[in-house]
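Each remark here refers to the structure printed beneath this line.
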Amino acid sequence: MSEEKVEYAKPLPDFRPETKPFWEGTKQHKLLLPKCKETGKVFFYPRAISPFPGSVNMDFDWVESSGKGKVWTYSVHYMGPTKAYKGETYVVAMIELEDGVKMMSNVVDCDPETVTIGMDVEVVFEDATEEVTFAKFKPVQ
Amino acid sequence: MSAQIPNIEDTRDLLKKNQIGIVGVGETEQGKIPGKSSFHFLSEASKLAIEDAGLKKSDVDGVITAFSLVEETFMHCTTFADYIGLNPKYFESVAIGGATAVWMTAAAAMAINSGQAEVVLCVRGDNTLSGISSTGMIALIREMCHGEFEYPFGLTTPGGYALMAQRYLHESKGKREHLASVAVTMRQHAQMKENAMNKDDLTMDDVMGARLLASPLTKFDCSIISDGGAAFIVTTSAKAKELGLKRDPIYLHGMGQGFSHQYLTSCEDLDQIYGAIQTSGDKAFKTAGMTNQDVDITFLYDCFTITTLLELEGLGIVPRGQAGAAALEGRLHKDADIPLNTNGGLLSQAHLGAMHHVIEAVLQLRGDAGERQVKDPNVALVHGNGGIVSAHSTILLGNEPLS
């Protein structure tokens, strides 16, 4: 019996061309961060110009993150933005990576109501479509 | 003479010389009002403000509008000028979310100070509740966050504020009751405001017992969505005299902006938010030659309960980490020491950005706030914020000219 493919119904990212290396990275299950060649610092979210004070550098390296971090803040969502979330309880969180940047993601693989600020988490990759793999986080055991 | 870099003192001199203020206000019915377009509400509010000032429509030579969430227009201000039949010498659409209404006042003053216009109509109206489609609502949620790096994780608009609220409670060792008490006080104020949308009794138990939408927030921590319009008119005291207006203006004493981040991803910590609020407030205080001790009545952007607490602390009205306790002790009530949003705010009166906050500040300073009247206020502070506590604007209004 052939398995029927379930289409991913939740929102997908609105890509900007300049972020391609990031999404190519997640597809390979690597969390890549842009690093400003002028200041030598990593930043997030990826964009075409350095966000650091004084820098108008537009040239970056992409460095792999350890994928480890802590929950800086979180909110258990009991209602999502679209119908695709109906009946789901999930955690939206700001993760502070060891690399010194924050990124928004979901904390998965745990009871949503057990998530706390300061909790140690590590990256897990979720292949949503052929094009999109999300970097999500799970509690460190 | 050598050229000098303009500064806040110059603004103060201009505000002093020109004695700019608000001479007319208008609020339509607010709530669920099907059958009226966004432009209908803009027109009705403009009519009420023009009549309240005692002006003729032809006296208006400047138009500042905002935007519509229902009828998107590329040039909102001139679309409305055309609709109402005005040929303004100055026109501008201010579109900085919840910081808009406060900044309209400042933008009008800058237009007047530079001789671009003499009588400026500032107006906002929308049929948000009746007119927005479900796809429009989803587009709005998406607009509030980063479409590529935030929205795909299912962040909702309450969720964005919930992330800040959770962090605030963590750092201040606060509790949900602190947030809930803001909602309860706003409801008590709304019960005294004629056109408020939500007037049913609301208790702490109601808020604490409500289902969480995005922890730690319930629906009572979220502002309402409403239909309606509101407008005010800015001019100089000399022009008001020349036109034979009934009342002296309520004077603009100071203004300022402060920016923290657009996306939560770019927000390093709560200090960054407090800093932006403080920058905005400090510029307004410096223009006015005042401190927060001079403020008699405060209007803060209460799109969610959490924003009022961050703003009270960022403006230095309450020490950091203590706004929640102040709210729970009832200190934000109209009869207490920090009367806040006597109109019931966005949480209970209506949501048109801070338009109603500006108007209620004028009514209070005129002494026309009826049973909501605070005793003899001389100075009001109005603070708006756009985005998720990102873009801030502050004005100070007084019932005497800036001296």
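Top line first, the protein sequences correspond to chains Z and E.
Counting from 1, one number per residue, gives the positions in the first sequence under the working numbering.
Counting from 1001, one number per residue, gives the positions in the second sequence under the working numbering.
Heads up, the beta-carbon is just placed ideally off N, CA and C, and yes, glycines get one too.
Being a predicted model, the structure only gives us computed values, none of them experimental.
Original post:
Do the CB positions of Gly-1024(E) and Ala-1053(E) come within less than 8 Å of each other?
Top reply: yes
Original post:
Out of Glu-1171(E), Asp-1013(E), Lys-1175(E), Ala-1231(E), which has the shortest C-alpha to C-alpha gap to Val-1063(E)?
Top reply: Ala-1231(E)
Subject >> Whole-angstrom C-beta distance between Gly-1136(E) and Gly-1386(E), which should lie under 8 Å >> reply: With a Cβ gap of about 19 Å, Gly-1386(E) and Gly-1136(E) do not count as contacting.
Subject >> CB contact check: Pro-34(Z) to chain E, cutoff 8 Å >> reply: no
Original post:
Does the Cβ of Lys-136(Z) have 16 or more other Cβ atoms within 10 Å, making it buried, or fewer, making it exposed?
Top reply: buried
**OP:** Spell out whether any CB of chain Z is found under 8 Å from the CB atom of Ile-1141(E).
**Re:** yes
**OP:** Measure from the C-beta of His-1178(E) to each C-beta in chain Z and report whether the shortest distance is under 8 Å.
**Re:** no
Original post:
In this structure, does DSSP put Glu-24(Z) in helix, strand or coil?
Top reply: helix
Original post:
Got a sec: which bits of the stretch 1140-1159 of chain E sit with their beta carbon under 9 Å from any beta carbon on chain Z, in order along the chain?
Top reply: Ile-1141, Arg-1142, Cys-1145, His-1146, Gly-1147, Glu-1148, Phe-1149, Glu-1150, Tyr-1151, Pro-1152, Phe-1153, Gly-1154, Leu-1155, Thr-1156, Thr-1157, Pro-1158, Gly-1159
**OP:** Would you tell me roughly how many angstroms separate the C-alpha atoms of Gln-1030(E) and Ala-1045(E), rounded to the nearest one?
**Re:** 11 Å
**OP:** Give a yes or no on whether the minimum CB-CB distance between Ile-117(Z) and chain E is below 8 Å.
**Re:** yes
Subject >> For Ser-1002(E) and Thr-1028(E), the rounded distance between their alpha carbons >> reply: 51 Å
Original post:
Considering only C-alpha positions, which residue in the set Ala-1095(E), Pro-1339(E), Tyr-1090(E), Ser-1133(E) is nearest to Gln-1116(E)?
Top reply: Tyr-1090(E)
Subject >> Given Leu-1121(E) as reference, the closest of Glu-1400(E), Ser-1266(E), Ser-1058(E), Ile-1233(E) once Cα atoms are compared >> reply: Ile-1233(E)
**OP:** Pull up the distance between the alpha-carbon of Leu-1402(E) and that of Ala-1276(E), whole angstroms please.
**Re:** 25 Å
**OP:** Using the DSSP secondary-structure output, state which residues sit across from Pro-139(Z) in a beta bridge.
**Re:** Val-121(Z)
Original post:
Helix, strand or coil for Met-1110(E) per DSSP?
Top reply: helix
Subject >> Gly-1031(E) - partner residues in DSSP beta bridges >> reply: Asp-1227(E)
**OP:** Please classify Gln-1019(E): does DSSP put it in a helix, a strand, or coil?
**Re:** coil
Original post:
For Pro-81(Z), does the count of other Cβ atoms within 10 angstroms reach 16, so buried, or fall short, so exposed?
Top reply: buried
Original post:
Beta carbon of Val-948(E), beta carbon of Ile-1225(E): below 8 Å?
Top reply: Since the first and last residues shown for chain E are 1001 and 1403, residue 948(E) lies out of range.
Subject >> Under 9 Å from the C-beta of Phe-44(Z): neighbouring residues of chain E >> reply: Phe-1149, Thr-1265, Ser-1266
Subject >> Chain-ordered neighbours of Ser-992(E) on chain Z, where CB pairs are closer than 7 Å >> reply: The question about residue 992(E) has no answer, for chain E in this structure spans 1001 to 1403.
**OP:** Indicate whether at least one CB of chain E lies closer than 8 Å to the CB of Met-58(Z).
**Re:** no
**OP:** With DSSP as the reference, please indicate the residues paired to His-1392(E) in a beta bridge.
**Re:** Gly-1258(E), Asn-1385(E)
**OP:** Within the same chain, show all residues whose beta-carbon is closer than 7 Å to that of Ser-1223(E), passing over the 5 residues directly before and after it, in chain order.
**Re:** Asp-1302, Cys-1303, Phe-1304, Leu-1346, Leu-1347, His-1351
Original post:
If you drop the 5 nearest sequence neighbours on each side, which residues of the same chain put their C-beta closer than 8 Å to that of Tyr-1274(E)?
Top reply: Leu-1310, Glu-1313, Gly-1314, Arg-1320
Original post:
Listing by chain order, which chain E residues have their CB less than 7 Å from the CB of Ser-105(Z)?
Top reply: Phe-1153
Original post:
Any chance the stretch 46-55 of chain Z sits against the stretch 94-114 of chain Z, with 3 or more Cβ pairs inside 8 Å?
Top reply: no
**OP:** Measure from the alpha carbon of Lys-1334(E) to the alpha carbon of each residue in Ser-1266(E), Ala-1190(E), Asn-1292(E), then state which is nearest.
**Re:** Ala-1190(E)
Subject >> Inter-residue spacing [alpha-carbon to alpha-carbon] between Lys-1032(E) and Val-56(Z) >> reply: 48 Å
Original post:
Any C-beta of chain Z sitting closer than 8 Å to the C-beta of Val-1318(E)?
Top reply: no
**OP:** Determine the burial state of Val-1377(E): buried for a count of at least 16 other Cβ atoms within 10 Å of its Cβ, exposed for fewer.
**Re:** Sequence check: residue 1377(E) is Pro here, not Val. Result: buried.
Subject >> Cβ-based contacts, 7 Å cut-off: residues of the stretch 1112-1141 of chain E near chain Z >> reply: Ile-1138, Ile-1141
Original post:
In its own chain, which residues sit with a C-beta less than 8 Å from the C-beta of Gln-1019(E), not counting the 5 before and 5 after it?
Top reply: Thr-1236, Ser-1237, Ala-1238, Pro-1249, Tyr-1251, Pro-1401, Leu-1402
**OP:** Answer yes if the stretch 1093-1107 of chain E comes into contact with the stretch 1380-1398 of chain E, meaning at least three C-beta pairs across the two stretches below 8 Å, and no otherwise.
**Re:** yes
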